[in-house]
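Let me begin by presenting the structure, written as structure tokens, before commenting on it.
Below you can see the structure in the form of structure tokens.
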């Protein structure tokens, strides 16, 4: 069984709530001058807005069969907006770990949504197979990783450490 069979839309609502909480946390940190980190604030707001709007569109248009294509486009546009904002307004600052994890997560989600779009909309496949199970668990896991990364802003999976090791070995 797919994870959506058990929890349905409540997982999506929980992820949106997580991005909202990350946005509010960084907004309060900024207002109270606890941490003046605009990168995380902007990334959190972008992700909350994207996930909220895409979820609203999908829920209001329940007859749309290209749901995965819509999610892929939203994640792609969010990723492009995040790149533009990060490398335009924060080009002199070091890239925050939470923003890096978010960019990687959006890339993974976009690829998974695109594969599911091809499988379900282009090929009109309706039987469950390995891709569907991978999609179900990967997208949910990546969403929670992005929320957690925006909240804690630590390299808790060692991705930044691994990238630096690969760069050192290549150079």
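Numbering (my numbering), first residue to last: 3 to 173.
For every residue, glycine included, the Cβ atom is placed at its ideal position computed from N, Cα and C.
Under 8 Å between C-beta atoms of residue i and residue j
{"i": "residue 147", "j": "residue 89", "result": "no"}
{"i": "residue 144", "j": "residue 99", "result": "no"}
{"i": "residue 153", "j": "residue 45", "result": "no"}
{"i": "residue 42", "j": "residue 87", "result": "no"}
{"i": "residue 157", "j": "residue 108", "result": "no"}
{"i": "residue 123", "j": "residue 68", "result": "yes"}
{"i": "residue 149", "j": "residue 17", "result": "yes"}
{"i": "residue 21", "j": "residue 53", "result": "yes"}
{"i": "residue 51", "j": "residue 81", "result": "no"}
Under the three-state DSSP convention, the category residue i falls into
{"i": "residue 41", "result": "helix"}
{"i": "residue 94", "result": "coil"}
{"i": "residue 104", "result": "helix"}
{"i": "residue 127", "result": "coil"}
{"i": "residue 169", "result": "helix"}
{"i": "residue 2", "result": "Given that the chain is displayed from residue 3 to residue 173, the structure contains no residue 2 and the question cannot be resolved."}
{"i": "residue 34", "result": "coil"}
{"i": "residue 68", "result": "coil"}
Integer Cβ distance of residue i from residue j, believed to fall under 8 Å
{"i": "residue 13", "j": "residue 142", "result": "6 Å"}
{"i": "residue 176", "j": "residue 105", "result": "Because the chain here runs from 3 to 173, residue 176 falls outside it and cannot be looked at."}
Same chain, Cβ closer than 6 Å to residue i, neighbours up to 5 away in sequence not counted
{"i": "residue 47", "result": "25"}
{"i": "residue 92", "result": "41"}
Residues near residue i in its chain [Cβ-Cβ closer than 7 Å; skip 5 each side]
{"i": "residue 37", "result": "31"}
{"i": "residue 71", "result": "119 and 123"}
{"i": "residue 59", "result": "72"}
{"i": "residue 57", "result": "14 and 18"}
Residues of its chain near residue i, where Cβ-Cβ distance is below 8 Å and the 5 sequence neighbours each way are ignored
{"i": "residue 133", "result": "117, 118 and 121"}
{"i": "residue 162", "result": "99 and 102"}
{"i": "residue 155", "result": "39, 42, 98, 99 and 100"}
Near the ligand SAM: residue i beta-carbon under 7 Å from a heavy atom
{"i": "residue 115", "result": "You won't find the ligand SAM in this model; it holds no ligand whatsoever."}
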